[in-house]
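FYI, the numbering for the sequence shown is -8 to 222, going by the working numbering. Here a beta-carbon is modelled for each residue, glycine too, at the ideal position from N, C-alpha and C. First the structure, in the form of structure tokens, and then the observations on it.
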Amino acid sequence: MRADRRRTEPQQEKKKLSRRFGVLALLGLLLVIAGLVGLIYTSVATLTSMFLFGWLLLAGGVVGLAQAVQARKSNYFWLAVIVAAVNMAAGFVILRRPEASAEALTMFAALLFLTGGVFRLAGALVVRGSNFGLTLVQGAFGILLGLLILANWPGNSLYVIGTFFSLALLFDGLSLLALGLAARRILGQVREDQVAADQVRDPTIGPDGTGGAAGTAAGNSAPVDQERSNN
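Rendered as structure tokens:
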């Protein structure tokens, strides 16, 4: 009984881990589907991301204001109140004007790509380290992407943010899906190797890791043999 219990407990843990990694793979698949749908309907993805961003700012401002009220005797009380008020105001504006907010965020993203590309390019030319070529390409790509976004602004504001948001969902979903499937495959190989090793040590173990027919027959014949020897 103790040996069977020691065999079944690791198997139950492996089944739980396999189930959890299966849920992780399912979540990754849902994110992949959401990313593909967002790449098809970029304007809807842009407005959805704006609404999510606005609600997050609004909820963060409310939580920050509640924490500031709880810590009202501290030195940073007014700073926390100001930050919470700014978050709440920004969230309210984004929820009221999502299209204008998308235009502003598109401009900010273009300037971010442009300045980041300039700094990467200048750093690559000054430092000339081991990753000189890669840094140079990244800087040039950032500058090109920023210029392309600025060239078509504000007409592209309805699909730039949605495209970036959908790509992030797609790549995150692919990584989660690959992680879940790989983990389930590794757990399956570990289970098969464990059962094979147990069968080598004890031939009475069945393919499922528990006692097989030979072990049951041996267990049933042992009392009969003992009774015959007593007679």
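For residue i, the nearest candidate out of the options (CA to CA)
i	options	result
Phe68	Ala76, Ala59 and Asn122	Ala59
Leu165	Pro145, Arg87, Gly26 and Arg10	Gly26
Val23	Ala169, Ala93 and Asn66	Ala169
Ala227	Asn78, Leu149 and Leu141	With the chain covering -8 to 222 only, the question about residue 227 has no answer from this structure.
Leu172	Thr33, Val14 and Lys7	Val14
Leu47	Phe155, Ala80, Val109 and Ala115	Ala80
Phe155	Arg119, Leu20 and Ala101	Ala101
Ala95	Leu141, Leu17 and Ile177	Leu141
Reduced DSSP secondary structure (H/G/I, E/B, other) of residue i
i	result
Ser212	Unreliable placement is indicated for Ser212, whose pLDDT of 48 sits below 50; no coordinate value is reported for it.
Leu20	helix
Ala169	helix
Leu149	coil
Ala57	helix
Lys7	helix
Ala62	coil
Contact check, residue i vs residue j, beta carbons under 9 Å
i	j	result
Gly55	Ala71	yes
Thr106	Ile152	no
Asn78	Leu49	yes
Leu167	Ala16	yes
Thr33	Ser157	yes
Phe99	Gly133	no
task: Return the chain-ordered ranges of every alpha helix (DSSP H) run that is complete within the stretch 64 to 143 and spans a minimum of 4 residues.
output: Unbroken alpha helix (DSSP H) stretches of 4 residues or longer found wholly inside the stretch 64 to 143: 68 to 87, 89 to 118 and 123 to 142, given in chain order.
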